[in-house]
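Chemist: Residue numbers (this note's numbering): -12 to 211.
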């Protein structure tokens, strides 16, 4: 398939002024969970090359479908989109983990319906984001959250499978938060499902790698 980023090669030059926009949920909008320490957006601004800008449109508590509304506020000079969303979609559906079932097959049937709905929502969100024809990367949902049960971790893998599959089809890079936020210190002491300043720093490092090193003119799904 042709690249949705054709004729955008100039935005890949780290010396060329660009405007990175963060969309999604509290993974990127974590200010209230790191009082007295820099949130993700501030750490990103500190790491960007001189002349680059960064804006935060991500909103704590938002789900995948909310990103469509966030995109309506996109600055006209936006050059790169970073999307981290899906965790709240999983959280709002976590009640099914306590549903009584008669068999493993019945449990999987529950999950199949939930994941199909999430895939439809994520696909539509990504389609909308890519329609802006900006270099775009997405993030998986991290799963090393302190005290996360093995059942919850297994359920998250189904949501992450959707994110990876859709990114592969779209030919866009993925920032795999599962391989980045791997230690308890990467999570906020105020709310363990949010990134700490240390976790945010790790995320920002991978965002920088993706937006400055990835060849967005090619439809390659590369994991960062």
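Ideal Cβ positions, reconstructed from N, Cα and C, are used throughout, including at glycine.
Would you call the region 105 to 124 and the region 155 to 163 touching, i.e. three or more CB-CB distances under 8 Å?
Modeler: Yes, the region 105 to 124 is in contact with the region 155 to 163.
Chemist: Just mark residue 153 as buried or exposed, buried being the case when its beta carbon has 16 or more other beta carbons within 10 Å.
Modeler: In the chain shown, the residue the question calls residue 153 occupies position 166. Classification of residue 153: buried, given that the 10 Å Cβ count is 16 or more.
Chemist: Please state the DSSP three-state secondary structure of residue -8.
Modeler: Sequence index remark: in the chain shown, residue -8 carries index 5 (1-based). Low confidence applies to residue -8: its pLDDT is 43, below 50, so where it sits in the model is not reliable, and the reading given next is rough at best. Here residue -8 sits in coil by DSSP.
Chemist: For residue 125, which residues does DSSP report across the bridge?
Modeler: Here the question's residue 125 lines up with position 138 in the chain shown. Residue 125 pairs with 70 and 161.
Chemist: Would you report the Cα separation of residue 90 and residue 62, rounded to the nearest angstrom?
Modeler: For the purposes of this step, residue 90 is taken as the residue at position 103 of the chain shown. For the purposes of this step, residue 62 is taken as the residue at position 75 of the chain shown. Computed Cα separation, rounded: 50 Å.
Chemist: In whole angstroms, give me the CA-to-CA distance for residue 214 and residue 196.
Modeler: The structure shown does not extend to residue 214, since the chain spans only -12 to 211, so no value can be given for it.
Chemist: Taking 8 Å as the limit between beta carbons, can you name the residues of its chain near residue 55, skipping five residues before and five after?
Modeler: Translated into positions along the chain shown, residue 55 becomes position 68. Taken in chain order, the residues that qualify are 111, 112 and 115.
Chemist: Roughly how many angstroms separate the alpha carbons of residue -10 and residue 66, rounded to a whole number?
Modeler: The sequence position of residue -10 within the chain shown is 3, counting from 1. The sequence position of residue 66 within the chain shown is 79, counting from 1. Summary for residue -10: the model assigns pLDDT 45, below 50, so the residue's position carries little reliability; its value from the coordinates is reported in the next sentence. Answer to the nearest angstrom: the Cα atoms are 16 Å apart.
Chemist: Assuming contact is defined by CB atoms lying nearer than 8 Å, are residue 47 and residue 13 in contact in what I supplied?
Modeler: Residue 47 sits at position 60 when you count from the first residue of the chain shown. Residue 13 sits at position 26 when you count from the first residue of the chain shown. The answer is yes: Cβ separation under 8 Å.
Chemist: Under the rule that 16 or more other beta-carbon atoms within 10 Å means buried, what is residue 64, buried or exposed?
Modeler: For the purposes of this step, residue 64 is taken as residue 77 along the chain shown, with counting starting at 1. Its Cβ having fewer than 16 others within 10 Å, residue 64 is exposed.
Chemist: Please classify residue 121 as buried or exposed, where buried requires at least 16 other C-beta atoms within 10 Å of its C-beta.
Modeler: In the chain shown, counting from the first residue as 1, residue 121 sits at position 134. By the 10 Å Cβ count, residue 121 comes out buried.
Chemist: At a cut of 8 Å, does the region 173 to 184 reach the region 140 to 152 through at least three beta carbon pairs?
Modeler: As far as the Cβ criterion goes, the region 173 to 184 does not touch the region 140 to 152, which means the pair count is below three.
Chemist: Just list the residues that DSSP pairs residue 212 with in beta bridges.
Modeler: Nothing can be reported for residue 212: it is not among the residues displayed for the chain, which extend from -12 to 211.
Chemist: Leaving out five residues on either side along the sequence, give the residues of the same chain with a beta carbon under 6 Å from the beta carbon of residue 164.
Modeler: Within the chain shown, numbered from 1, the residue matching residue 164 stands at position 177. Only 126, 127 and 129 meet the Cβ criterion.
Chemist: Let me know the secondary structure DSSP gives residue 46 once reduced to three states.
Modeler: To locate residue 46, count along the chain shown from 1; it is residue 59. Correct three-state label for residue 46: coil.
Chemist: For residue 26, count the other beta carbons within 10 Å of its own beta carbon; 16 or more makes it buried, fewer makes it exposed. Which is it?
Modeler: Taking the first residue of the chain shown as 1, we reach residue 26 at position 39. It counts as buried.
Chemist: Helix, strand or coil for residue 23 per DSSP?
Modeler: The residue labelled residue 23 in the question sits at position 36 within the chain shown. Correct three-state label for residue 23: coil.
Chemist: Note the first and the last residue of the continuous alpha helix (DSSP H) segment covering residue 35.
Modeler: Residue numbering aside, residue 35 sits at position 48 when the chain shown is read from its first letter. Premise fails: residue 35 is in no alpha helix (DSSP H) and is neither H nor E.
Chemist: In whole angstroms, what separates the C-alpha of residue 22 from that of residue 68?
Modeler: Counting from one through the chain shown, the residue named residue 22 turns up at place 35. Counting from one through the chain shown, the residue named residue 68 turns up at place 81. Distance between the alpha carbons of residue 22 and residue 68 is about 26 Å.
Chemist: For residue 150, does the three-state DSSP call read helix, strand or coil?
Modeler: Taking the chain shown and counting its residues from 1, the one referred to as residue 150 is at position 163. Correct three-state label for residue 150: helix.
Chemist: Look at the alpha carbon of residue 41 and the alpha carbon of residue 32, and state the distance between them as a whole number of angstroms.
Modeler: Looking up residue 41 in the chain shown gives position 54. Looking up residue 32 in the chain shown gives position 45. Going from the Cα of residue 41 to the Cα of residue 32 covers about 6 Å.
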